[in-house]
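Down below is the structure, laid out as structure tokens.
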Amino acid sequence: MKFRLATVAWSVIYLLLLLSLLTPLRIFTVFLLIVPGVVLFSSLPFKGFLIHVIPVLLIIALQDVYLLLPAIYFLIPALLMGRVYKKGAPAFQALMTGAGVILAELLVVLLIATYALGFDLSQYLRDQAAISANLVQQILNGNPMLPGMNWTAEDTQRLGTMMIGKVPYVLILTSFLLAVITHALARPALSSLDVPVRKMKPAREWRLPRALIWYYLLAIVFEWMAMSSDSSWVQAVSVSMLPLIHACFIIQTIGFIYFWTHSRKMSPVIALLLSLVVLVFQPLRIIGIIDLAFPLREAITRSKK
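When the count follows the numbering used here, it moves up by one through the sequence shown with no breaks and lands on 319 for the last residue.
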């Protein structure tokens, strides 16, 4: 009975989270929408899952039929992450599955918006850059401490280009963040329902395959080719491949930071703060590249002996 009441409670939570999309709270609750689906799918047989979820979707449809779109959108990664949990696979596999599916969905939505709705993301970002430039120019004009300083058209163009270049990184980071939040909340919830979920490896043990270095070199070659090529395929590969590999290097860097601080018996808070610095100042990912290419961790271990 306790198990049944708990799953009903998660159905209610799922309903409330979906309804929150009609309110300003959606800025925060959107990051939680995958969690109920993961918990329900992982803790129930498929028929029981449908019995819990279908009434929620019907209520949502009666309230606002367009809410079914985000409901289905977030249900897809929930099903696939829940499937990984049911198989007893490593937590990292669930994390990567969730992040990969969310990223794929974001790309599909962008593709539909571009070709079906005529949405031009590049032009939208350039327009936003122009709005920001006008605001900066107004601030400069109104500040007597900054005489003669102007925001030029070249500055606006550079800002727009920079914003467009950050789109792949933002998509990857958003997907990974959603998957991390989902796993962090779903695991204790499933444990309370007596559903075994394997723990993530400690951050200090995060190590990616050394072959990533060769993929990185390949991505650089594609970038050189894209500079002198009119092929949209080559450009698409270049734009997508490098940010993804950069994100992997950031993960490797964070793993090294936790390993180093743990070996020096430092507080985990220091490791967390340094990791945030890496996320903000992305060139620090070079630490992850060096950690992959050379046995840094082994050298640190030997130096302590």
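Cβ coordinates follow ideal geometry from the N, Cα and C atoms, glycine included.
- Distance from residue 104 to residue 224 at the Cβ level is roughly 20 Å; contact not present, criterion being Cβ atoms closer than 8 Å.
- The region 26 to 52 contains no complete beta strand (DSSP E) run of 3 or more residues.
- Residue 25 is not a Cβ neighbour of residue 209, given a cutoff of 7 Å.
- Just measuring C-alpha positions, the residue of 183, 268, 139 sitting nearest residue 172 is 139.
- When secondary structure is reduced to three states using DSSP, residue 220 falls in the coil class, being assigned neither helix nor strand.
- Looking at 88, 299, 84, 124, the one whose alpha-carbon comes closest to that of residue 260 is 299.
- By the Cβ rule, the region 125 to 132 does not count as touching the region 95 to 110, because fewer than three pairs are nearer than 8 Å.
- A Cβ-Cβ contact shorter than 7 Å links residue 256 with residue 233.
- Three or more beta-carbon pairs separated by less than 8 Å link the region 28 to 38 to the region 73 to 81, which places the two stretches in contact.
- In terms of CA proximity to residue 121, 183 leads the group 183, 109, 81.
- Taking 7 Å as the cut-off, the beta carbon of residue 49 is found closer than this to the beta carbon of residue 200.
- The residues 50, in chain order, have a CB closer than 6 Å to that of residue 27 in the same chain once the five nearest residues on each side in sequence are set aside.
- Sequence-distant Cβ neighbours of residue 47 in its own chain, meaning closer than 6 Å and more than five residues away, are 31, 88.
- Along the length of the region 168 to 210, whole alpha helix (DSSP H) runs at least 4 residues long occupy 181 to 206, reported in chain order.
- In this structure, the beta-carbon distance from residue 91 to residue 116 falls below 7 Å.
- Rounded to the nearest whole angstrom, the CA to CA distance from residue 292 to residue 64 is 42 Å.
- Counting the other Cβ atoms within 10 Å of the Cβ of residue 238 gives fewer than 16, which makes it exposed.
- Linking residue 181 to residue 262 through their CA atoms gives a straight-line distance of about 16 Å.
- Counting other Cβ atoms within 10 Å of its Cβ, residue 86 stays below 16 and is therefore classed as exposed.
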